[in-house]
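Going by our numbering, the sequence shown opens with residue 1, and the numbers climb by one from there. This report concerns only the one structure given below.
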Amino acid sequence: MRSTADVRSSCKQRDPALSRAKDQPNKPPSHRFGGRLRRFLSGRTESRAIPDGMRVYAVGDVHGCLAQLSALLAKIEADASGFAGEIQPIFLGDYVDRGPDSKGVIDRLLAAREERDCRFIRGNHDQFMLDFLEQPALYRDWRDFGGRETLLSYGVVPPLFDNDRA
């Protein structure tokens with residue numbers, strides 16, 4: 001087993017920023033990582049502003065909660081009804097897992113896509129579900145993400161393992 005000192009030592013060897021930090025002892029910690037952060041965030045030169053005449057609604061982390069999604073979509077529709085411009089809903093992923101009705105959420109989002117132009121981004125929970133569909137042996141890991149609840153919402157009885165409770 002490696003000690004904390006060993007881990008720190010090996011990290012310093014691999015990360016030049018850590019070794020530079022000791023060379024700048026009088027600089028605040030924010031200065032030490034600020035240069036890298038500024039370079040990363042300032043790499044984009046084109047504007048990403050929402051155009052005039054467009055309203056964007058961003059919705060993320062639904063996690064199988066159909067009732068809350070339906071309430072939110074109703075509020076969005078009410079707000080958008082008085083707007084003459086273009087409406088752009090963007091769904092930021094993590095539609096499934098944890099909540100009781102992942103199937104209902106997916107069905108509702110598919111219906112929303114028929115109602116208006118929507119954009120969908122795949123979240124890590126959604127990707128894990130797709131990975132499980134290709135490789136069912138991943139179930140134990142996906143279960144810890146909320147995969148059990150997702151399977152139940154589709155009427156699939158999840159497998160039990162020795163350490164599971166029925």
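Don't be surprised by glycine CBs; every beta carbon is placed ideally from N, CA and C.
At the C-beta level, Arg-113 and Gly-146 stay beyond 8 Å of one another.
In terms of Cβ geometry, Ile-106 and Pro-89 do not form a close pair [threshold 8 Å].
If you look at Val-56, you'll find it isn't in any alpha helix (DSSP H); it sits in the beta strand (DSSP E) that goes 54-59. DSSP places Ile-121 in the coil class of the three-state scheme, outside both helix and strand. Nearest to Val-59 by alpha-carbon distance, out of Val-157, Asp-126, Ile-121, is Ile-121. Ranking Asp-101, Lys-103, Met-129, Arg-116 by CA distance to the CA of Ile-87 puts Arg-116 first. Annotation for Gln-68: the continuous alpha helix (DSSP H) segment containing it runs 66-81. A residue is called buried when at least 16 other Cβ atoms come within 10 angstroms of its Cβ; Val-96 meets this threshold and is buried.
Counting the other Cβ atoms within 10 Å of the Cβ of Asp-94 gives 16 or more, which makes it buried. Cβ neighbours of Val-62 within its own chain (closer than 6 Å, five residues either side excluded): Leu-69, Tyr-95, Val-105.
Just measuring C-alpha positions, the residue of Phe-132, Pro-159, Pro-100, Ala-67 sitting nearest Glu-149 is Pro-100.
DSSP lists Tyr-57 as the bridge partner or partners of Pro-89. With fewer than 16 other CB atoms across the displayed protein chains lying within 10 angstroms of its CB, Leu-110 is exposed.
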